[in-house]
Amino acid sequence: MSERNEGAGKHTTRVLVVDDEPQIVRALRINLRARGYEVDAAPDGRTALDLAARRHPDVIVLDLGLPDMEGAEVIRGLRGWTSVPIIVLTARHASEEKVETLDVGADDYVTKPFGMDELLARLRAAVRRAAPPEEDAVVVTEEFTVDLAAKKASRDGKDVRLTPTEWHVLEVLVRNAGRLVSQQQLLREVWGPSYANETGYLRVYLAQLRRKLEADPSRPRHLITEPGMGYRFER
């Protein structure tokens with residue numbers, strides 16, 4: 001695999017770098033972009049949580065020593081609504097701190113100073129582990145098809161035009177096929193933590209998805225409402 005396309009493919013991998021040291025952010029941005037990744041950067045925890053909610057990165061590289069909050073607090077905030085892989089950067093060498101970081105939800109850690117090749121290898125491994133199984137990339141129902149890799153839906157052989165938000169709602173439900181997704185979980189994953197009580201959003205977007213995908217939107221077979229609890233996708 002060439003250096004130019006490590007992050008390339010049908011879906012370009014988006015990395016959120018969270019670090020308050022400009023030289024580290026610059027080095028990571030240059031190296032990641034050279035390999036085809038898209039990169040966002042945040043200098044503190046609050047910006048990181050906001051960017052994660054708005055940009056939906058595929059993997060997060062997080063420094064523990066942030067100016068406004070502990071890295072572990074950022075991880076807890078993220079784990080309240082997303083399972084995105086988190087690789088911790090830390091200058092702390094005590095094993096108990098590394099164990100605590102993993103216990104609160106980090107997937108891996110790299111100790112500063114670090115080698116760029118090692119960090120990139122761990123990042124690739126984290127993205128691979130988080131990727132959906134190939135056999136589940138295309139989900140087929142009697143009425144429509146969802147291609148998770150290509151990020152599109154089709155019906156009767158024709159692509160269905162979905163807005164980015166409609167797609168994200170559908171994607172969360174399809175990736176949890178057969179399982180109840182609570183209203184709060186769906187709101188956090190699509191709109192972010194500060195929208196956890198905006199249940200009206202869900203009624204609007206589920207109605208739009210049913211009109212576009214279900215044979216009878218008033219009696220949906222695939223995008224099911226569990227009253228007072230949440231929603232469920234059934235094949």
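Going by UniProt numbering, the letters in the sequence shown line up with residues 1 to 235, in that order.
Yeah, the Cβ is synthetic: ideal placement off N, Cα and C, and Gly gets one too.
Less than 8 Å separates the beta-carbon of ILE86 from that of LEU62. Proximity of the stretch 210-222 to the stretch 137-144 meets the contact definition, three or more beta-carbon pairs being nearer than 8 Å. Of the other Cβ atoms in all chains shown, fewer than 16 fall within 10 Å of the Cβ of GLN23; this residue is therefore exposed. DSSP places VAL84 outside any beta strand (DSSP E), giving it a letter other than H or E. Residue state for LEU49 is assigned as helix, using DSSP reduced to three classes. The alpha-carbon separation between GLY71 and ASP117 amounts to approximately 23 Å. When beta bridges are read from the DSSP output, THR111 appears opposite THR90. In this structure, DSSP gives GLU166 a helical state, which the three-state scheme calls helix. Taking C-beta atoms as the reference points, LEU170 and VAL146 count as a pair closer than 8 Å.
Per DSSP, the beta bridge partners of ALA41 are VAL17. Uninterrupted beta strand (DSSP E) stretches at least 3 residues long and entirely within the UniProt domain "OmpR/PhoB-type" (136-235) occur at 138-140, 145-147, 152-155, 158-160, 223-226, 230-233, given in chain order. When DSSP states are grouped into helix, strand and coil, LEU64 belongs to the coil group. Around the Cβ of ASP58, a 10 Å sphere holds 16 or more other Cβ atoms; the residue is buried.
C-alpha of ARG35 to C-alpha of MET229: approximately 43 Å in a straight line. The beta-bridge partner set that DSSP reports for VAL59 consists of VAL15.
As DSSP reads the structure, GLU100 sits in no beta bridge.
In the DSSP assignment, ARG128 falls within the unbroken alpha helix (DSSP H) covering 116-130. Within the DSSP secondary-structure output, GLU73 pairs in no beta bridge. The C-beta of ARG210 has 16 or more other C-beta atoms within 10 Å across all chains shown, which makes the residue buried. In the structure shown, ALA106 falls within a coil segment according to DSSP collapsed to helix, strand and coil.
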